[in-house]
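This report concerns only the one structure given below.
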Amino acid sequence: MVESAYEAIAAAGGRTGPGRAGTECERAESGGSVGAGPAGLVRRRQACESATRTYTRALPVVPVRARGLTIEDADGRRYLDCSSGAGSLALGHNHPVVLEAIRAVLDSGAPLQVTGLTTPVEDAFVAELLRTLPPGLADHARVRFCGPGGTDPVATAVALVRAATGRARVVTPTDAQYAADPAVCCPVDAGEPPAGVLVEAVRGEAGPRPVPGTWLRGLRRVTEQRSVPLVADETETGVGRTGAFWAVEHSGVTPDVLVLSRAIGGSLPLAAVVHRVGLDDGRAAGAAAFRGNQLALAAGAATLAHVRAHRLAEHAAVVGARILARLRGLAGEFACVGAVRGRGLMIGMELTAPDGGAAAGAARELGAAVQRECLRRGLIVDLAGPAGNVVRLLPPLIVTEEQTSAVLDRLADAVQAVERGRRDHGPSPGARTAR
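In the working numbering, the protein residues as written are 781 to 1215.
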C-alpha cells in the first residue's frame, strides 16, 4: 500500500496539488525534481514548509506503521520513538485499548463531531477524568472543553480567571522568579492583585525543569491569601508523565484551575480546562468548533482508565529514576554532557561546549549532532531548552525495562560518537555528522 502511494505520486509527476503554488513546493531548492519515494517526500515537505522549526528537517523519517514505542518508516527501518508525539502518546502508538475505543465509536454510528452537545462518549470521558483528579479539586470541579490547538486551553483558562476576578493581568513566572520568593509572582500593584498566576510544576520547554515543591507550596499560600486563582498548566506533564497522575501532586498543591491537553486525547487532539466551582461565571465558553470530537473523547477516556488501572504513573517513576541514574553516569563520563534533570518519564540531558567557545551556538550544534547520531542508531529524540541543546526523552508510559535498556545504550553510543568526533575534528559536530 505504501509503494502504491509513492507510485501514485510519481505518476502525477511529483505534483501534490494543482496550480503554481503546488509546482513550487514540489521542487528542491536547486530547482530540480525532488523525485518520488520516501526521500522525495521528505524533500518536498522541506521545500514547501515555512522556515519555522519543523520535525521534517531535524528528523527525516517517513512513518508508515507504528506500535507502542516502535515506528517503522517507508524504507522498512524501525526506530524507538522517545518523543511520543511531544508527550501526547501516553500509551505509545496504536495501543489496543485506544484502537478499540475508537472503533467502538465508529461502529456505533454515533456522530463524530458535535459542538457543545452532551453525548454518552463525552459523559464517559468526564466521569473518568474526575476519577483521576486530586481530591481537593475533584470534589468541586467543573470541566470546560475548548479547541484542541496548542494555545486554546491556556487562552480559555486566562479568560476564565479574568472573568471571575474582574482583573486583567495574569502572571507567568520568569526564570528568575522561579528562583526567588514566590510572593514576587503574585504582586499587588496599586492595590490590585493579578487575575491569576499560571505555572508548570515541571517546565517542559525549559528542558525539562521540575519546580521545587516548597516553592509551589509557598506560591499556593500567597495566592490564597490574596484571593488569586492558581492555574497549573498540565499540557505536557499530565496523565502520569512525571510519575504522578498530575505533576502538581508531587508538591501536594491543589490548584484552582488545571489546563489539560496532549495526552488526555489518547493520541487525538483534545483539550479541556478543569476549574473549581465559583470561578465559572456562567457565560458560554465560545464557539470552538472542534471541542466535541467524539473519537478523541473515547480515546482519551480509554487512556485515562488504562493509566489509572495499571498504575502507569508509578511505573513511570521507577523507570524514570533508572534513566536519570544512567544519564548522570554519562555526565561523569563525557565532557559534553552537563546537567541531567527531570521527573518520571520527562527527562532532559543538557549538552554543553566544554571549551566554553561560542557557548549557545556550540551547544546547539552538539544537540543537533547527538540527535542525528541517535537517528542513525534507530532512536528518535527531541531537543528542548532555549538553546536547543537539551536532549529530551519522553518515552510512552508503557516502555519496558528491555526497551529502556535499548534506548539508553543507543543514546550513550550516540553521545560517545559525538564526543569522539569533537575531540578528533574540533568543535563543529554539525559539519562532521551532516547527512
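Each residue gets a CB set at the ideal place from its N, CA and C atoms; glycine is no exception.
Cβ pair residue i, residue j closer than 8 Å
i: VAL1117; j: VAL1195; result: yes
i: ASP969; j: PRO1009; result: no
i: ALA881; j: ALA1115; result: no
i: ASP853; j: PRO843; result: yes
i: ALA1012; j: VAL1028; result: yes
i: ARG1102; j: THR1184; result: yes
i: ALA1162; j: ARG1152; result: For the sequence presented, residue 1162 should be read as Asp rather than Ala. It is not a contact, given that the beta carbons lie outside the stated cut-off.
i: GLN893; j: GLN1074; result: yes
i: PRO962; j: LEU999; result: yes
i: ALA1024; j: LEU1050; result: no
i: LEU1159; j: ARG1190; result: yes
i: ARG1071; j: THR895; result: yes
i: MET1129; j: LEU1107; result: yes
i: ALA975; j: VAL941; result: yes
i: ILE851; j: HIS873; result: yes
i: ALA1133; j: ALA1119; result: no
i: ALA937; j: VAL1033; result: no
i: ALA1186; j: LEU860; result: yes
i: LEU1125; j: ALA1096; result: yes
i: ALA890; j: THR1083; result: no
Three-way DSSP call (helix, strand, coil) for residue i in this model
i: ALA846; result: strand
i: SER784; result: Low per-residue confidence applies at SER784: pLDDT is 44, beneath 50, and the placement is therefore not dependable enough to give any value.
i: ILE851; result: strand
i: CYS1116; result: coil
i: ASP969; result: strand
i: CYS1154; result: helix
i: HIS875; result: coil
i: LEU1103; result: A small fix is needed here, since residue 1103 is Ile in this sequence, not Leu. Three-state result, ILE1103: helix.
i: ARG857; result: coil
i: GLY1122; result: strand
i: ARG1091; result: coil
i: ASP903; result: helix
i: VAL1039; result: strand
i: LEU910; result: helix
i: ALA1079; result: helix
i: ALA1194; result: helix
i: LEU839; result: coil
i: ASP1204; result: helix
i: PRO962; result: helix
i: VAL1098; result: helix
i: ARG989; result: strand
i: VAL1028; result: helix
i: LEU1146; result: helix
i: VAL982; result: strand
i: LEU1110; result: helix
i: LEU1177; result: coil
i: LEU1159; result: strand
Straight-line Cα distance separating residue j from residue i
i: TYR958; j: PRO990; result: 10 Å
i: MET781; j: ARG922; result: Residue placement at MET781 is poorly supported in this model, since its pLDDT is 41, which falls under 50; the coordinates are not used for a value here.
i: VAL1198; j: ALA1148; result: 10 Å
i: ALA939; j: ALA986; result: 25 Å
i: SER864; j: PRO1176; result: 6 Å
i: GLY867; j: VAL878; result: 16 Å
i: ALA846; j: VAL1098; result: 25 Å
i: PRO953; j: GLU972; result: 18 Å
i: SER1041; j: LEU1059; result: 20 Å
i: ARG1088; j: ALA1043; result: 13 Å
i: THR912; j: ALA1081; result: 11 Å
i: GLU908; j: ILE1127; result: 27 Å
i: ASP960; j: THR994; result: Before going on, a small fix: residue 960 reads as Ala here, not Asp. Roughly 12 Å between the two C-alpha positions.
i: LEU1104; j: GLY1020; result: 17 Å
i: VAL1054; j: ALA935; result: 13 Å
i: ASP1204; j: VAL1150; result: 16 Å
i: TRP1026; j: GLU1014; result: 7 Å
i: VAL1179; j: ARG947; result: 45 Å
i: GLY794; j: ARG1202; result: Note on GLY794: pLDDT 40, under 50, position unreliable in the model; the coordinate value appears next. C-alpha separation (whole angstroms): 40 Å.
i: ASP903; j: GLY1122; result: 34 Å
i: GLY1216; j: ARG1056; result: As displayed, the chain neither begins before 781 nor continues past 1215, which places residue 1216 out of reach and without an answer.
i: GLY984; j: ALA884; result: 34 Å
i: VAL841; j: ARG857; result: 9 Å
Enclosing beta strand (DSSP E) for residue i [first to last residue]
i: GLY976; result: 976–979
i: THR866; result: Per the sequence presented here, residue 866 reads as Ala, with Thr not at that position. Premise fails: ALA866 lies in the alpha helix (DSSP H), 864–867, not in any beta strand (DSSP E).
i: ARG1071; result: Where ARG1071 is concerned, there is no enclosing beta strand (DSSP E), given that its DSSP letter is neither H nor E.
i: LEU1163; result: 1162–1164
i: ASP1060; result: It is not in any beta strand (DSSP E) - ASP1060 carries neither H nor E in the DSSP assignment.
i: LEU1010; result: 1010–1013
i: VAL1019; result: No beta strand (DSSP E) contains VAL1019, which DSSP labels as neither H nor E.
i: VAL1171; result: 1170–1173
Where the alpha helix (DSSP H) containing residue i begins and where it ends
i: ALA890; result: It is not in any alpha helix (DSSP H) - ALA890 carries neither H nor E in the DSSP assignment.
i: HIS1055; result: Taken as a continuous stretch (DSSP letters only), HIS1055 belongs to no alpha helix (DSSP H), being part of the beta strand (DSSP E) at 1051–1056.
i: ALA1133; result: Looking at the DSSP string, ALA1133 is not in any alpha helix (DSSP H), and its letter there is neither H nor E.
i: VAL1002; result: 993–1005
Handout entry: Those runs of the alpha helix (DSSP H) which lie wholly inside the segment 912–960 and span at least 4 residues
Key = 915–918, 932–945, 955–958
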